[in-house]
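Have a look at the structure below before the remarks.
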Amino acid sequence: MTTATTTPAHDPAERMLRFHQPEKVLRHLGPAPDEAALAALFGLDPAGYRTRLDRFEECNRAAAAALEAAPGTSARLAGLPFRPGEHVVAVGESTTADRLSWFEILRHLLPEGVRCTNLAVSGSTTTQALANLPLLGFQRPDWVLCMLGANDVQRLDGVPLVAAAETRRALRALRDLTVRRTGARWIWLTPTAVDPGRVAEYVHFRRAGLSWAGEDLDAVAELLLAEPEATVDTRAAAHGHLEEDGVHLTPAGQRRVAAAVLDALGPVEERTSGVPQGADRP
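With the first letter of the sequence shown counted as 1, position 123 gets the number 522 in our numbering; the numbers rise by one all the way through.
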């Protein structure tokens, strides 16, 4: 979703680093900057930059281990469609670009030999994602996990950023063109829910005139659920697990989304209703 940081930041650099990956938006300038250059963008030295990245990775591994230990998870993991040698690519906005995201957790749960690439960019709309279609095609994905639409429905002084018809057109074009070019199999994830009250109280959103409405996000979700491909409904995962801004997920919320993916894509007999199994395990 939008790229604002969320909870009160005891480490502002770490909070910024969690959601922002400048190298993803600088690809057109050539090879990615080295870690020293990236660290400087966050006011860090290379050692501090690497320490924070390692901390994120430790959190993701711990979250994956907690999910793996939950009852029923082994059967759901065995039922996932991703196989060694395949390439799984994620497309999305800050919910997926988050260095503690559901996709970064999922990569530690997939079989060895499954390659994962996260192309999500914080703040991305469906139209912007469509503009990056060539990059997605160059990845030659076998699977695409797409979580977009939340930024389209953000409102600027009450006006949606992207019209609903354009969101529908862009999402379908992104899927159709990618599948036509690469033969990839496609999976949708709905946007997570928001807390409109927190959004309204969050000072940075209030100053910018930004807001979200649950019914707008539900409309995107219903659009995706009506598509023929598998769709993971992630809306319930956010309940009680949102950062101060009411939009971005806490790490626990990200783990719930990862659990929802396992629950939706694992074998039918192992799927549950309501809260995904293992989502709230410590």
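Positions of the beta carbon are idealized from the N, C-alpha and C atoms, including for glycine.
Strand pairing of residue i, partner residues [DSSP]
{"i": "Ile586", "result": "Leu544 and Ala629"}
{"i": "His419", "result": "In the DSSP output, where bridge partners are listed per residue, His419 has none listed."}
{"i": "His638", "result": "Its beta-bridge partners do not exist; DSSP assigns none."}
{"i": "Val487", "result": "Cys515 and Trp542"}
{"i": "Leu648", "result": "Leu641"}
{"i": "Arg554", "result": "Pro559 and Ser610"}
Separation of residue j from residue i, as counted between CA atoms
{"i": "Leu547", "j": "Cys515", "result": "18 Å"}
{"i": "Leu452", "j": "Glu413", "result": "9 Å"}
{"i": "Ala651", "j": "Ala637", "result": "9 Å"}
{"i": "Ala689", "j": "Glu422", "result": "What is shown of the chain runs 400 to 681, which leaves residue 689 out entirely."}
{"i": "Val513", "j": "Glu457", "result": "20 Å"}
{"i": "Phe441", "j": "Ala519", "result": "20 Å"}
{"i": "His419", "j": "Ala496", "result": "8 Å"}
{"i": "Gly478", "j": "His507", "result": "16 Å"}
{"i": "Val660", "j": "Ala618", "result": "20 Å"}
{"i": "Glu503", "j": "Phe481", "result": "15 Å"}
{"i": "Asp662", "j": "Ala436", "result": "40 Å"}
{"i": "Gly639", "j": "Arg597", "result": "12 Å"}
{"i": "Met415", "j": "Phe455", "result": "13 Å"}
{"i": "Glu628", "j": "Ala612", "result": "26 Å"}
{"i": "Arg606", "j": "Ala489", "result": "32 Å"}
{"i": "Thr581", "j": "Glu600", "result": "44 Å"}
{"i": "Thr566", "j": "Trp501", "result": "23 Å"}
{"i": "Gln527", "j": "Leu573", "result": "10 Å"}
{"i": "Arg568", "j": "Asp575", "result": "10 Å"}
Status (buried if at least 16 other CB within 10 Å, exposed otherwise) for residue i
{"i": "Ala403", "result": "Low local confidence applies: a pLDDT of 43 at Ala403 is under 50, so the model's placement there is unreliable, and no value is given."}
{"i": "Cys475", "result": "According to the sequence displayed, residue 475 carries Arg and not Cys. Label assigned to Arg475: buried."}
{"i": "Glu621", "result": "exposed"}
{"i": "Ala438", "result": "buried"}
{"i": "Ser610", "result": "buried"}
{"i": "Ser473", "result": "exposed"}
{"i": "Pro590", "result": "buried"}
{"i": "Leu570", "result": "buried"}
{"i": "Ala446", "result": "exposed"}
{"i": "Ala562", "result": "exposed"}
{"i": "Asp594", "result": "buried"}
{"i": "Thr524", "result": "buried"}
{"i": "Arg368", "result": "It is not possible to answer for residue 368, since the shown part of the chain is limited to 400 through 681."}
{"i": "Asp644", "result": "buried"}
{"i": "Arg498", "result": "buried"}
Contact set for residue i: own chain, Cβ-Cβ below 8 Å, skip 5 residues either direction
{"i": "Thr577", "result": "Leu532, Leu535, Gly536, Pro540, Val543, Ala583 and Trp585"}
{"i": "Val424", "result": "Val520"}
{"i": "Pro483", "result": "Pro510, Glu511, Gly512 and Val513"}
{"i": "Leu560", "result": "Thr524, Asn550, Asp551, Val552, Gln553 and Arg554"}
Cβ neighbours of residue i in the same chain (closer than 6 Å, five flanking residues each side left out)
{"i": "Asp615", "result": "Val552"}
{"i": "Ala431", "result": "Glu422"}
{"i": "Leu588", "result": "Met546, Val631 and Thr633"}
{"i": "Leu555", "result": "Gly608"}
{"i": "Leu443", "result": "Ala412"}
{"i": "Ala592", "result": "Arg634 and Ala637"}
{"i": "His486", "result": "Arg514, Pro540 and Asp541"}
Neighbourhood of residue i by C-beta distance below 7 Å, restricted to the same chain and skipping five residues each side
{"i": "Asp649", "result": "Checking the displayed sequence, the identity of residue 649 turns out to be Thr instead of Asp. Result list for Thr649: His640, Leu641 and Glu642, in chain order."}
{"i": "Glu626", "result": "Trp587"}
At least 3 beta-carbon pairs within less than 8 Å: the stretch 456 to 470 vs the stretch 653 to 660:
The stretch 456 to 470 vs the stretch 653 to 660: in contact.
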